[in-house]
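Numbering (my numbering), first residue to last: 187 to 1169.
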């Protein structure tokens, strides 16, 4: 058995479907990297990409390529033995160095060009060059690189039009395929190397923008500059070489082989002056580019994670996905992530805990009856860094399994939220249990618990994981009946130990001195920080107070940095010397001399028979005070939020603000773009209204100006089937207030699902009212741009056609600027979005940006009509990328048996609305004059769409659960002025 030939060591780095380990091959006595991939975590397309990469690597053999030595499989596991690569990626190494020079950058690029030239000579184009693709073989060697990640590699002799690669490094000829047929080849790799070179020498990207569309627009234009003081010290030869690589026309771009003869590559006089400015900028860029490259490689559209999209209920026709020269049939996955979660778990309405963007609920697994915690993270309320932390946390949890460590049982990702199903420790908080114990708490109890904790942490460290946030709040007991069995949770800061960790994080009381040292200079740290935290925790368990203290954070940090502590009497009089010695071994200021978790498990304290079982009364009393302080902090935060809400809800005694004099705010009911939607009423008549509040303290001037312009546009609307603006206050001291008519009723699809029968005639009547409402909007110069079932409300219980349009995604007129459309498409249901919105490249004209948006509403009406008549969506895909491709292709199928009883006029109407080219798409006037709208005879036969719509609504039901997240934590984003890193 081949696995018997290898000794598997630590994890070098994580991959989406497994991990890469350092292994020793017994017969040769040689170290290799081993990729361990789990096929059960891979989709069909992932397997095709993996096979493609292996086929390419089998024929390539070069000292700077990741050469494959063996491939074998056991069950669902695939093992790929490659050259040892344990030095991390090249950008990480450069930012960790004290300095690097233009000569070092040149030498690196020269090696990269030589490697790519070899690939091109062998007939292979890489198509995914980026910093993460360039690995260093050793932590001690800054020059020996290995080019990796050949999942998108293809033959240079074939025609390629698929959009792939890392967004910042993708060539303009690849992007051209989003709107035309533009075959490309080997020059795309040269372009990517040009971008990498630019970044290496300056720390900046040559093409940039506020969002991905803006970046793509910049790349498409192909204009860049060598501006800023950092470029003044860069040689003219380097700038010329970059300019040659970034020639917009691929036919004029030099080949990799030709660039090796460029004067910059052959010169012996390249500067050795440190590029300190570039290195500092590269540090700032590094966090963002690592995250982007990790999650945005596959598609040309934003997809934080491969989001599951609702699969159609109707029969699915296979589509072809071309990968290199391999064409394979691909069938959509049968159900969405939301549907899977709701099918597998019964989710309670009781909230266990909550945070800034998080609500934790109890759930019962349907199949087993076991109880779990389901953590809902709302993307709208998460910062960029929050999402980085969460994805790192998921990656870590997927790589570990230990009885004393929190287990991730399932992970679901949607376009607007994440769900994690984890253990639900029934025993509660560690300190709460200790304080509540009737029979006291002894040193023996503390020892047993610390042993459990060390076992869990030793396992983490063996897997190359550092927790970085061990504290009492991270430790829960598994059972109400067991004071010892514990589980370590709170993996928000956990990460792989790559030898270059410098980020300051964790709870200050439990933070190691080497972490704090990074305030002064870069001081990489690793697993010993967890041992320090356990030392502090053990000290607290045995005494009830902290070993390091201060009157404020700076003095506390100074105390921790000194590392001096004492075992005061009388608190420590009854504690054994072994206990004091193990604490001293953990609280060594120098991490190089601090004991490891594995070593501590062999400490005499854990094997002594004389450890006292006498209750530590003094320690328990002190712990009670600590616990009360902790609860008080939580109460203070809650009171702050409540007081802020009260300030907003009624007129202040010191201000006569006009909004608060006229309206009273009630509970928060949702998110409306960058605003928060509240129920409210007039003070005078108690008439219900809805109010959108915009906290101007949290918004840029550009966003505030955009909101004001959009309100001016919305004021044009005066129609019974559209929401109305009643008031707008833009001079309040605390923000903007937009007052709207209160719209209540059933969402469109909910009403249909509840009906016993539904006919084509009823669908037509509803669509006609929808067309009339949108016609009024367009006549007033307003485009809805967010039409979907959730924004169409049926307000009269006895009338299935009396609808009101709400939640305009980006209301704008033809003369207005293009403001933040891409930002708001994060909240838009992309299944109803027109192809030109998904694949737009905005063209600037002077300072203004022109566009024509009305056709996007026509497309959405076409999709809604399709679903009304059959119960499933016209466009679908196993993930967001394939959904977007289907929308862009725009091929609409009217499959039997669902469409057998639908009139040809209806299908013709839908086809006219779902034309990919917006210039050829029908207008509202065209659709109102369509034969389907004017026909006197429309089938009244009941359509069997209810059951299909119920399945489609599974995704929306989960959003109903998620609404509690927004209601609970909206204030965290709006009003929390004192964020805590370790919260």
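Glycine residues also receive a C-beta, built at the ideal position from the N, C-alpha and C atoms.
Predicted model only: the values in this text are computed from it and were never measured.
The alpha helix (DSSP H) enclosing residue i, as first and last residue numbers
i	result
residue 629	629-648
residue 748	739-748
residue 866	Counting along the chain, residue 866 falls outside any alpha helix (DSSP H), though it belongs to the beta strand (DSSP E) covering 861-868.
residue 921	Premise fails: residue 921 lies in the beta strand (DSSP E), 921-927, not in any alpha helix (DSSP H).
residue 1094	1090-1099
residue 844	844-848
residue 953	946-965
residue 692	It is not in any alpha helix (DSSP H) - residue 692 carries neither H nor E in the DSSP assignment.
residue 561	Premise fails: residue 561 lies in the beta strand (DSSP E), 557-564, not in any alpha helix (DSSP H).
residue 725	714-729
residue 285	No alpha helix (DSSP H) contains residue 285, which DSSP labels as neither H nor E.
residue 786	783-786
residue 766	763-772
Residue interval of the beta strand (DSSP E) (run including residue i)
i	result
residue 407	Where residue 407 is concerned, there is no enclosing beta strand (DSSP E), although the alpha helix (DSSP H) it sits in stretches over 398-407.
residue 268	263-268
residue 297	Run containing residue 297: none in the beta strand (DSSP E); it sits in the alpha helix (DSSP H), 288-307.
residue 387	Unbroken run through residue 387 is the alpha helix (DSSP H), 373-388; no beta strand (DSSP E).
residue 608	603-609
residue 208	204-211
residue 220	216-224
residue 547	544-551
Contact check, residue i vs residue j, beta carbons under 8 angstroms
i	j	result
residue 677	residue 653	yes
residue 396	residue 302	no
residue 662	residue 614	yes
residue 382	residue 299	no
residue 1124	residue 946	yes
residue 356	residue 317	no
residue 610	residue 559	yes
residue 236	residue 246	no
residue 688	residue 675	no
residue 743	residue 773	no
residue 989	residue 980	yes
residue 176	residue 450	The structure shown does not extend to residue 176, since the chain is modelled only from 187 through 1169, so no value can be given for it.
residue 436	residue 373	yes
residue 630	residue 797	yes
residue 141	residue 849	The displayed coordinates of the chain run from 187 to 1169. Any statement about residue 141 would go beyond what the structure contains.
residue 352	residue 310	no
residue 406	residue 361	yes
For residue i, the nearest candidate out of the options (CA to CA)
i	options	result
residue 438	450, 359, 384 and 892	359
residue 455	441, 422 and 444	422
residue 993	304, 973, 1085 and 262	973
residue 190	544, 200 and 213	213
residue 959	1099, 909, 920 and 948	909
residue 1101	1080, 1119, 1118 and 1074	1074
residue 434	414, 409, 420 and 417	409
residue 620	763, 658 and 1088	658
residue 952	884, 635, 1114 and 362	1114
residue 944	590, 1054, 361 and 282	1054
residue 458	387, 412, 431 and 441	387
residue 554	532, 241 and 536	532
residue 243	232, 227, 198 and 266	266
residue 618	666, 750 and 649	666
residue 978	964, 965, 967 and 938	938
residue 1045	1092, 986 and 1110	1110
Residue i beta carbon near the ligand SAM (any heavy atom closer than 7 angstroms)
i	result
residue 324	With respect to the ligand SAM, the structure offers nothing, as it holds no ligand at all.
#### Entry: Segment contact, 8 angstroms Cβ cut-off, at least three pairs: the region 916-932 with the region 868-883
Result yes; three or more Cβ-Cβ pairs closer than 8 angstroms.
### Query
At a cut of 8 angstroms, does the region 264-276 reach the region 212-224 through at least three beta carbon pairs?
Yes, since at least three Cβ pairs between the region 264-276 and the region 212-224 fall closer than 8 angstroms, the two stretches touch.
### Query
Do the region 418-429 and the region 253-262 touch if we need at least three Cβ pairs shorter than 8 angstroms?
By the criterion of at least three beta-carbon pairs nearer than 8 angstroms, the region 418-429 is not in contact with the region 253-262.
#### Entry: Cβ pair count under 8 angstroms reaching 3, the region 362-372 against the region 336-350
In short, these stretches touch, since the Cβ pair count reaches three.
### Task
Evaluate contact between the region 441-458 and the region 398-406, counting only Cβ atoms and requiring at least three cross-stretch pairs below 8 angstroms.
As far as the Cβ criterion goes, the region 441-458 does not touch the region 398-406, which means the pair count is below three.
### Message
Three Cβ pairs or more, each shorter than 8 angstroms: is that satisfied between the region 688-699 and the region 710-723?
### Response
As far as the Cβ criterion goes, the region 688-699 touches the region 710-723, which means the pair count is three or higher.
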